[in-house]
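> Per the numbering used here, the very first residue in the sequence shown carries number 26; after that it's consecutive.
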Amino acid sequence: MNLELFVTTVKEYNRFVKQLPLGDISKSTIDLLNETTYIAIQTRLMLLRKYASKGEKNNVYLENLIMEAKDRFPEKTTYLDKMRTRFFQINEQSFEQILSDGSKINLYQSIEDVIYGLYLHADKEKILRLSFTKDSLRFFYTKKYVEEFEAVVLEMFDFLIENNIQDIIEKNHAKAPVIHLGKSIESNQDIKQSPFWGNLYGHDATDDEINLLSQEFSDEEIQIFMYVRLFLDELTKETISVEALKSVVFWSTIEQWGDFTEAVSLYKNIPNPGISSKVRFNEKKDAAYVRIYPNVEGSFIISSPHVITGVYDITFTKDSTVNMWKIFAFGSPIDPIIRDCSDEDE
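#1: By a C-beta neighbour count over all protein chains shown, 10 Å radius and 16 as the cutoff for buried, is V267 buried or exposed?
#2: What would DSSP say about A313, mapped onto helix, strand or coil?
#3: Identify which residue in K79, F120, P202 has its Cα closest to the Cα of V336.
#4: Which word fits K52, buried or exposed, when buried means at least 16 other C-beta atoms lie within 10 angstroms of its C-beta?
#5: DSSP state of K200, grouped into three classes?
#6: Can you tell me which of the three DSSP states G356 falls into?
#7: Taking the continuous beta strand (DSSP E) assigned at S301, which residues delimit it?
#8: Hey, is S239's beta-carbon within less than 7 Å of any beta-carbon in chain D?
#9: Over the uninterrupted alpha helix (DSSP H) stretch that includes E195, give me the two end residues.
#10: Can you tell me whether D160 is helix, strand or coil according to DSSP?
#11: Just to confirm, are Y86 and K95 a CB contact at a threshold of 7 Å?
#12: So for N131, helix, strand or coil by DSSP?
#13: Excluding the 5 residues preceding and the 5 following L206 in the sequence, name in chain order all residues of the same chain whose CB lies nearer than 8 Å to its CB.
#14: Grouping DSSP H, G and I as helix and E and B as strand, with all else coil, what is Y141?
#15: Assign Q214 to one of three DSSP states: helix, strand, or coil.
#16: Pair every Cβ in the segment 182-199 with every Cβ in the segment 269-285, then say whether three or more of these pairs are closer than 8 Å.
#17: Would you kindly report the start and end of the unbroken alpha helix (DSSP H) that includes Q248?
#18: Report yes if the CB atom of F157 is closer than 7 Å to the CB atom of L124, and no otherwise.
This is the structure in structure tokens:
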């Protein structure tokens, strides 16, 4: 399980890495402190520390992970032993910082001063010790440490991914996780016919309720739902009519749809799709959305606001040339931006 925990946390770490790239600052220019790179280094330092801290409750201490990996993949022992050696060399390398008061500290102590002085615990002793050095020097040794240690951590991550160690957060859910924005006392969780959506506050819909909803549709909503049904019915056919699909999509997006192969594949890969009975308009009412829910085995009505994921939207925009709503996109919700070709710069 610890290897899976490591993969999960490093995947999250990589999100920070992508947003906080490192600059190219050489050893000879340490006085030219780059603020962006400084933030990137210090953020990495805080996030990497758990892989270097040896403690009984630390599930992702890198040496222990390497030993666990050797047990799981004995044929990779030589490779993993070399990684373990690199790990120790980074932490035990010859490094001495001589402070302005004449005291001397090693790499481990220097890193601890930064982590537990500036960022985590505001340790008084460590902060006072930092006062006897300079930002540029602190930046130099943390950058050196982070770059070398990060390389080992990411190599271990790649090794585990290649050997099919999975992220424990990413998994199939028996029920959709949701956020309820209303008061629980206002309604109940009575959705039974579609168990995947059983966490929503709502109830199974009766035929009378569905008929009543359809009777309340405006002319615009009726037209939108008519095009939704035509669009989705066509996507499920063994041989689709490209012309029929083109007739319901917005004119400026026709080339982007191609032969509608991607749309067909997307819809066919939604398990038990169910169409929402509500059209959602944006504030300007120049875009409309019809939601497609996966894993719908029976109709249901949601009684209060929720935040949900894993759903799809058919995005509509108004075609002023024919005064009708046309499909702009299928997938994630987007705000269609239509430019008049005549206004483009030549």
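Virtual Cβ for every residue (Gly too), placed ideally from N, Cα, C.
Please read all numbers here as calculations on a predicted model, not as lab measurements.
Once the coordinates are examined:
#1: Your numbering for residue 267 matches position 242 in the sequence shown. Under this definition V267 is an exposed residue.
#2: What you label residue 313 is simply residue 288 of the sequence shown in a count that begins at 1. Residue state, collapsed to three classes: strand.
#3: For the purposes of this step, residue 336 is taken as residue 311 along the sequence shown, with counting starting at 1. Of the candidates K79, F120, P202, the one whose C-alpha sits nearest the C-alpha of V336 is P202.
#4: Locating residue 52 in the sequence shown gives position 27, counting from the first residue. Residue placement at K52 cannot be trusted, given a pLDDT of 46 that sits under 50; the coordinates are not used to answer.
#5: The count along the sequence shown starts at 1 and reaches residue 200 at position 175. Of the three classes helix, strand and coil, the one that applies to K200 here is coil, per DSSP.
#6: The sequence position of residue 356 within the sequence shown is 331, counting from 1. Reduced to three states, the DSSP call for G356 is strand.
#7: As a first step, residue 301 must be located in the sequence shown, where it is residue number 276. Where S301 is concerned, the enclosing beta strand (DSSP E) stretches over 299-306.
#8: The structure shown contains no chain D; it is built from a single protein chain.
#9: In the sequence shown, counting from the first residue as 1, residue 195 sits at position 170. Per DSSP, E195 belongs to no alpha helix (DSSP H) and is neither H nor E.
#10: Against the sequence shown, residue 160 aligns to sequence position 135. Reduced to three states, the DSSP call for D160 is helix.
#11: Counted from its first residue, the sequence shown places residue 86 at position 61. Counted from its first residue, the sequence shown places residue 95 at position 70. Not a contact, by the Cβ cut-off of 7 Å.
#12: Position 106 of the sequence shown, counted from the start, is the residue given in the question as residue 131. Looking at N131 - three-state DSSP - the assignment turns out to be strand.
#13: Counted from its first residue, the sequence shown places residue 206 at position 181. Within the same chain, L206 has close Cβ partners S329, P330, H331, V332.
#14: Start at 1 with the first residue of the sequence shown, and residue 141 comes out as number 116. Shown here, Y141 sits in a helix according to DSSP, grouped into three states.
#15: Translated into positions along the sequence shown, residue 214 becomes position 189. In this structure, Q214 counts as strand in the three-state DSSP scheme.
#16: no
#17: By 1-based counting over the sequence shown, the position of residue 248 is 223. 244-260 is the extent of the alpha helix (DSSP H) around Q248.
#18: Numbered from its first residue, the sequence shown carries residue 157 at position 132. Numbered from its first residue, the sequence shown carries residue 124 at position 99. In contact: F157 and L124 (Cβ atoms closer than 7 Å).
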